[in-house]
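Enquirer:
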Amino acid sequence: MSVGPILEACRAEGRAALIGYLPVGFPSVEGSIEAMKVLVDNGVDIVEIGVPYSDPVMDGPVIQDAAVRALEAGVHLGDIFSATRAVSDAGAGALVMTYWNPVLRYGVDRFAGDLAAAGGAGLITPDLIPDEAGDWTAAADANDLDKVFLVAPSSTPERLTKVTAACRGFVYATAVMGVTGARASVGEAAADLVARTRAATDLPVCVGVGVSTGDQAAEVGRYADGVIVGSALVRCLTEAPTPQEGLEALGALARELAEGVRRGRA
Amino acid sequence: MTQPSTTSSGVPAYGRFGGFGGRYVPEALIPALEQLEEVWRKAVVDPEFVGELERLQRTYTGRPSIITEVPRFAEHCGGARVILKREDLNHTGSHKINNVLGQALLTKRMGKTRVIAETGAGQHGVATATAAALLGLECVVYMGRKDTERQALNVARMRLLGATVVPVDNGSKTLKDAVNEAFRDWVANVATTHYVLGTVTGPHPFPEMVRDFHRVIGVEARQQVLDLVGRLPDAVLACVGGGSNAIGIFHRFIDDRSVRLIGFEAGGEGVASGRHAARFSAGQPGVLHGAFTYVMQDVDGQTVESHSVSAGLDYPSVGPEHAHLLESGRAEYRPVTDEEAMEAFSLLSRTEGILPAIESAHALAGAMKVGRELGPDAVLLVNLSGRGDKDVHTAAAWFGLIDEDGGTVLPATSEAADGATDDDGATGTGVQL
Ligand SMILES: Cc1ncc(COP(=O)(O)O)c(C=O)c1O
Chain U
1 MSVGPILEAC RAEGRAALIG YLPVGFPSVE GSIEAMKVLV DNGVDIVEIG VPYSDPVMDG
61 PVIQDAAVRA LEAGVHLGDI FSATRAVSDA GAGALVMTYW NPVLRYGVDR FAGDLAAAGG
121 AGLITPDLIP DEAGDWTAAA DANDLDKVFL VAPSSTPERL TKVTAACRGF VYATAVMGVT
181 GARASVGEAA ADLVARTRAA TDLPVCVGVG VSTGDQAAEV GRYADGVIVG SALVRCLTEA
241 PTPQEGLEAL GALARELAEG VRRGRA
Chain H
1 MTQPSTTSSG VPAYGRFGGF GGRYVPEALI PALEQLEEVW RKAVVDPEFV GELERLQRTY
61 TGRPSIITEV PRFAEHCGGA RVILKREDLN HTGSHKINNV LGQALLTKRM GKTRVIAETG
121 AGQHGVATAT AAALLGLECV VYMGRKDTER QALNVARMRL LGATVVPVDN GSKTLKDAVN
181 EAFRDWVANV ATTHYVLGTV TGPHPFPEMV RDFHRVIGVE ARQQVLDLVG RLPDAVLACV
241 GGGSNAIGIF HRFIDDRSVR LIGFEAGGEG VASGRHAARF SAGQPGVLHG AFTYVMQDVD
301 GQTVESHSVS AGLDYPSVGP EHAHLLESGR AEYRPVTDEE AMEAFSLLSR TEGILPAIES
361 AHALAGAMKV GRELGPDAVL LVNLSGRGDK DVHTAAAWFG LIDEDGGTVL PATSEAADGA
421 TDDDGATGTG VQL
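Rendered as structure tokens:
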């Protein structure tokens, strides 16, 4: 089931969608699923379910640290499907974000089939470009899944055309040149990139990398179809003295961000 | 595997060797890779670039590197003739400079002012720092914390050359993690920065471009062996970390079907121990650092940490062209343990007066085995990819010449040195003072 209808519903409400990232398995598989439900209960429209990976070249220290701890705690790729089922049952869109090798090892067709069976909407693939995605495209199409590829401030018009043509669901615009992590300001590159991406496609364009506060969500939500928040949410969990306090901080930040996307175009 | 090896027209897929290679990187880097490929392809047919690179190879690196026949060492290789290609004599002490000078000149052509590099043994970092000093570029080198400790001398060398060395504390704290950090830096600074990748891995065009910069090794060596022996060697041997020195010496011989191409990976404490870097013995096809190739990984596709006494071979993945050479049957790859490599290290030092890099010692250990298999009529060409100066500390600790604090361990009395008269050093690891 595509996240397309969710983004359309948000658009009809006159606001950007709120998309929240958390890795599966931190602090435990159950703990991460509980945290994802907290996101949904506090206004997150789509959960980006992260697959912890040993070599996350697109990620900054916060997400790297959570991934390492999740792997040390024994998370397995199969746990992704439990999280997907839980998020989907909670009524939010369930998109899995994964580096490519875990999927390749699992088997691309098998992964797509199991993801669809768990109620997953599709995949965000930070290190897979459409040029290399022949197998994934075929498997996604066969299983009615979204394919979310990334565009960046460095993308040329030719690349924007090629990448957006391969996407289904939405296009992921990385706001800054750099790895994931909260930043003091999201920067002008994001608005410019969204405008250039819109010139290439009618698909929704969502902005990620760097957003951490309600004010930033409001600002980005003015021009983007969705606001993606990762490290700031993860940090609520990694820095909390107890898991309970982590969930409370997470809920509070999700509410602030949800309020931000609603205020953006008001 | 499911990766396409050829397009429907039978032409190899873009940027691939058979089914291996490709470009598995964040979209943000694609324009930089496209620019690099364009500038590189133009440069290698531009007489000005070719002339400048050749001039630097001749007057700076010291090319052509010589070959040396090593008869006393060869006595331990079944009597086969053993000929070393002396990349250890290059400026900065290894083959790495061949690639770095090429990429540094390309950096200038792209109008970039900053280079970054990953390094394991430190040789690639030293070569990059050197080229940066020569051409006036800013240089940052990422190095796993563990490698900064076992290659401390090279850390100092890089800093003396004006480079900034950034220790990496993530993951296994070795080469793989240094590559991750270099990619993260590159994504953030790609407008001004070129990533001087140090081996034949990574996204296209790196494996092909780095190979071509090292191809000179085999081109020279093939002619030198013909001049010396009057025929081609029976086998060409090299150690394989990422695979740059190996592909550099192999490539010119690929069409010489009578010549066996044999690569030696780090077998660490033995493939069965799990503590090794034998990607072809114990890895599976997968993606790491931008390429589809052989990767040491678990059932979930998580990279497994590698282990080797040699920092330069301690890497869980390998260049995609080697994966192709293996699958096509053109080359063979075998593991060599730490123990075997250190024995060969000691043997070459004591029989020939040449201290090899521990990486290169893996190829020497391979020559000891292959020579015994092929017998006295065989001619073996071995790539001596680097010199052992950087490894003196590791080797001295291995052989018990220094204690844990680096203090010299000397015999208590003069009689204790009596055993040191052993004629040819054939006692293997039994190094005496
Ligand atoms: C002397 C020497 N040989 C070999 C290697 C391994 O690299 P490659 O397999 O790319 O030649 C290194 C890497 O640091 C090295 O320093």
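Chains U and H, in that order, are what the protein sequence lines are. Residue numbering for the first sequence follows UniProt numbering, beginning at 1 and increasing consecutively. Residue numbering for the second sequence follows UniProt numbering, beginning at 1 and increasing consecutively. Ideal Cβ positions, reconstructed from N, Cα and C, are used throughout, including at glycine.
1. Can you tell me where the beta strand (DSSP E) holding leucine 128 of chain U begins and where it ends?
2. Would you grab the beta carbon distance between leucine 313 of chain H and threonine 303 of chain H for me? Rounded to a whole angstrom, and I think it's under 8 Å.
3. Closer than 6 Å by C-beta to phenylalanine 20 of chain H: which residues in its own chain qualify, once you throw out the five before and the five after it? Chain order, please.
4. Using only CA atoms, which one of H:Ala397, H:Lys390 and H:Thr394 lies nearest to methionine 158 of chain H?
5. Taking C-beta pairs closer than 7 Å, name the residues in chain H that methionine 58 of chain U reaches, listed in chain order.
6. Using only alpha-carbon positions, find the residue among U:Glu188, U:Arg105 and U:Tyr99 that is nearest to valine 57 of chain U.
7. Which class does glutamine 302 of chain H belong to by DSSP, given the choice of helix, strand or coil?
8. Would you please verify whether the beta carbon of glycine 178 of chain U is less than 8 Å from any beta carbon of chain H?
9. Consult DSSP for lysine 147 of chain U and reduce its assignment to one of helix, strand or coil.
10. Verify the CB distance criterion: does serine 5 of chain H have a CB-CB separation below 8 Å to chain U?
11. Would you check if there are 3 or more beta carbon pairs closer than 8 Å linking the stretch 46 to 62 of chain H to the stretch 96 to 112 of chain H?
12. If glycine 39 of chain U sits next to alanine 254 of chain U, beta carbons under 8 Å apart, how far is it from one beta carbon to the other, in whole angstroms?
13. Got a sec: is the Cβ-Cβ distance from isoleucine 116 of chain H to anything in chain U below 8 Å?
14. Around the C-beta of glycine 74 of chain U, are 16 or more other C-beta atoms found within 10 angstroms, so that it is buried, or is it exposed?
15. So, does the CB of alanine 188 of chain H fall closer than 8 Å to a CB anywhere in chain U?
16. Return the bridge partner residues of glutamate 149 of chain H from the DSSP annotation.
17. Using CA atoms only, rank isn't needed, just tell me which of H:Asn189, H:Ile249, H:Gly125 and H:Leu228 is closest to residue 480 of chain H.
18. Note down, in chain order, every chain H residue with its Cβ under 9 Å from the Cβ of alanine 152 of chain U.
19. Against asparagine 170 of chain H, what residues of chain U qualify as contacts under a CB-to-CB distance less than 7 Å, listed in chain order?
20. At which residue ranges does the stretch 143 to 231 of chain H contain complete beta strand (DSSP E) runs of 3 or more residues, listed in the order of the chain?
21. When we look at the beta-carbon of proline 52 of chain U and count the other beta-carbons within 10 Å, is it buried (16 or more) or exposed?
22. The alpha helix (DSSP H) with arginine 222 of chain U in it runs from where to where?
23. Where does arginine 81 of chain H land, buried or exposed, given buried means 16+ other C-beta within 10 angstroms?
24. Return yes when at least one heavy atom of ligand 1 lies under 7 Å from the C-beta of threonine 113 of chain H, else no.
25. Excluding the 5 residues flanking alanine 367 of chain H on each side, which residues of the same chain have their C-beta closer than 6 Å to its C-beta?
26. Would you decide whether proline 356 of chain H is buried or exposed? Buried here means 16 or more other CB atoms lie within 10 Å of its CB.
27. Can you pull the chain H neighbours of aspartate 127 of chain U, defined as C-beta to C-beta under 7 Å?
28. Taking only heavy atoms of ligand 1 into account, decide whether any of them is closer than 7 Å to the Cβ of threonine 199 of chain H.
29. For alanine 182 of chain U, name the three-state secondary structure that DSSP assigns.
30. Run down chain U in chain order and give the residues with a C-beta less than 8 Å from the C-beta of glutamine 35 of chain H.
31. How about leucine 137 of chain H: is its Cβ closer than 7 Å to a heavy atom in ligand 1?
32. Going by beta carbon distance, what residues of the same chain come within less than 6 Å of phenylalanine 17 of chain H, once the five residues before and after it are set aside?
33. Assuming the contact rule is C-beta atoms closer than 8 Å, glycine 120 of chain U and alanine 94 of chain U should be a hit. Round their C-beta distance to whole Å, please.
34. Return no unless some Cβ of chain U is closer than 8 Å to the Cβ of residue 435 of chain H.
35. Which term fits isoleucine 66 of chain H, buried or exposed, when burial requires 16 or more other beta carbons within 10 angstroms of its beta carbon?
36. What is the rounded straight-line gap between the Cα of proline 5 of chain U and the Cα of lysine 147 of chain U?
Expert: On the basis of the coordinates in this document:
1. Segment: none, leucine 128 of chain U is in no beta strand (DSSP E) and carries neither H nor E.
2. About 16 Å separates the two Cβ atoms, so there is no contact after all.
3. Same-chain partners within the cutoff: Phe292, Thr293, Pro320, Ala323 and His324.
4. H:Lys390
5. Pro26
6. The candidate whose alpha carbon is nearest that of valine 57 of chain U is U:Tyr99.
7. coil
8. By this cut-off, glycine 178 of chain U is an interface position.
9. strand
10. Note that serine 5 of chain H scores a pLDDT of 44, beneath 50, so its modelled location is shaky; the value from the coordinates is reported in the next line. Not one chain U Cβ lies under 8 Å of serine 5 of chain H.
11. Contact between the stretch 46 to 62 of chain H and the stretch 96 to 112 of chain H is present, because at least three Cβ pairs lie under 8 Å.
12. The sequence given here places leucine at residue 39 of chain U; glycine does not occur at that position. That pair is a contact at about 5 Å.
13. no
14. Glycine 74 of chain U counts as exposed, since fewer than 16 other beta carbons sit within 10 angstroms of its beta carbon.
15. yes
16. Glutamate 149 of chain H is not bridged to any residue.
17. Because chain H is modelled from 1 through 433, residue 480 of chain H falls outside the range shown and cannot be assessed.
18. Pro26, Glu27, Ala28, Leu29, Ile30, Pro31 and Val187
19. Gln64
20. 164 to 168 and 193 to 195
21. Buried is the call here.
22. Here arginine 222 of chain U belongs to no alpha helix (DSSP H), and DSSP marks it neither H nor E.
23. With 16 or more other Cβ atoms within 10 Å, it is buried.
24. No, the beta carbon of threonine 113 of chain H sits no closer than 7 Å to any heavy atom of ligand 1.
25. Cys77, Val82, Leu237, Leu380 and Val382
26. By the C-beta density criterion, proline 356 of chain H is buried, having at least 16 other C-beta atoms within 10 angstroms.
27. Tyr24, Val25 and Pro26
28. yes
29. Assignment of alanine 182 of chain U by DSSP, reduced to helix, strand and coil, places it in the coil class.
30. Within chain U, no residue comes near glutamine 35 of chain H; the closest Cβ sits about 10 Å away, beyond 8 Å.
31. no
32. Pro320, Glu321 and His324
33. 5 Å
34. Since the first residue of chain H shown is 1 and the last is 433, residue 435 of chain H is not available in this structure.
35. exposed
36. 15 Å
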